[in-house]
Structure formats: C-alpha cells, structure tokens
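Every position in the sequence shown, counted from 1, becomes a number in my numbering once 900 is added.
First comes the structure, then the notes that go with it.
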Amino acid sequence: MLTLYVDAAREPHTGLSAAGAVLIQQKQQQQFKSPLFESLDNHAAEFQALIWALKQLPPNTDILTIYSDSKLLVEALHKQYAKHYQPEVDDILALLASRTLVLSQWLPEKDNLGAHNLALQALKNRQTN
C-alpha cells in the first residue's frame, strides 16, 4: 500500500510551476520535488503535479491513496471528468489503471505541508536558476 501527498506551486507572473510529493510506503517516507512545465493556472499545475508524482511511484503496489489540497483535482478523480482538464484526467486515469484500488481524498493545505513545502522549494530553485 502506498500513500501519496501531492501539491503544486505556481508563480503567477511567470507561469513557472513546480511539484512536491511525499510518498509513504511501509512506514518509510520519500520526498520528491521537480519543476513542471509552465502552466496556464494553478489548477493545471495541480493536475501536472499529480501526473508527475504518479510517474515516480514504484509499479508493484496495488493499493494507492492520494491526498491533495486541490478540491478540483480530487473531484475530477472521483468523477473521472474535468471540463477544462479532461486530457490531464485521462492521463491520470491511464497511470492509475494498473492499480487494484485507488482512493483520493481532499485535505486542507495545512495538512499537506510536506508536499506543499517541497513544491515551493522546487519553484524557488527554478526561479533562481
């Protein structure tokens, strides 16, 4: 079983964005961060962050729980639909197809600080390079 906390950070003036993820497996925690493509808005960055994070996961686990502070992202996963982000939803669903059970849950930003801070670090690194 894997637990994934994911978040995005975006600089509105430049469109630069970054992702942070905390992965917990068998009581072991791994932290990941990465710059993302420029995004049109924060919602797009959140979808891109999850796509990136899913690509970091080991392929051999069947059960995955995803936590995000993006209500739009979590609702899109539940509905398997997002009016303005359907290509991203389709990419996410394809990445999740091999998992036996996938749960997604919204949580407040204050409860997602690990992923949030990693995304901010990656964004800051991107802006200074």
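By construction, the Cβ of each residue, glycine as well, lies at the ideal position given by its N, Cα and C atoms.
Residue from the options with nearest C-alpha to residue i
| i | options | result |
| --- | --- | --- |
| Tyr981 | Pro912, Thr1000, Phe947 and Gln926 | Phe947 |
| Asn942 | His984, Leu1003 and His978 | His984 |
| His1016 | His978, Leu964, Pro959 and Ser970 | Ser970 |
| Ala914 | Gly920, Gln930, Phe937 and Ile924 | Here the sequence assigns Thr to residue 914, which means Ala is not the residue at that position. The shortest Cα separation from Thr914 among Gly920, Gln930, Phe937 and Ile924 belongs to Phe937. |
| Asp1011 | Gln929, Ser968 and Ala919 | Ser968 |
| Gln929 | Leu957, Pro935, Ala908 and Pro912 | Leu957 |
| Ala908 | Ala976, Ile992, Pro935 and Thr965 | Pro935 |
Beta-carbon proximity check, residue i vs residue j, cutoff 8 Å
| i | j | result |
| --- | --- | --- |
| Arg910 | Ala953 | no |
| Leu950 | Val922 | no |
| His978 | Ser1004 | yes |
| Thr961 | Leu1001 | no |
| Leu904 | Leu1023 | no |
| Ala919 | Arg1026 | no |
| Lys933 | Ala1019 | yes |
Assigned exposure category for residue i - 16 Cβ within 10 Å defines buried
| i | result |
| --- | --- |
| Lys955 | exposed |
| Ser998 | exposed |
| Ile963 | exposed |
| Leu973 | buried |
| Leu1007 | exposed |
| Glu988 | buried |
beta-carbon residue i near the ligand ADP non-hydrogen atom, thresh 7 Å
| i | result |
| --- | --- |
| Glu911 | As for the ligand ADP, it is missing from this structure, which has no ligand bound. |
Contact set for residue i: own chain, Cβ-Cβ below 6 Å, skip 5 residues either direction
| i | result |
| --- | --- |
| Ile924 | Thr903 |
| Leu1013 | none |
Beta-carbon proximity list for residue i, same chain, < 8 Å, skipping 5 on both sides
| i | result |
| --- | --- |
| Asp990 | none |
| Pro959 | Ser998 |
Residue(s) in a DSSP beta bridge with residue i
| i | result |
| --- | --- |
| Gly920 | Asp907 and Lys933 |
| Val1002 | Leu964 |
| Gln925 | Leu902 and Gln928 |
Same chain, Cβ closer than 7 Å to residue i, neighbours up to 5 away in sequence not counted
| i | result |
| --- | --- |
| Glu1009 | Asp969 and His1016 |
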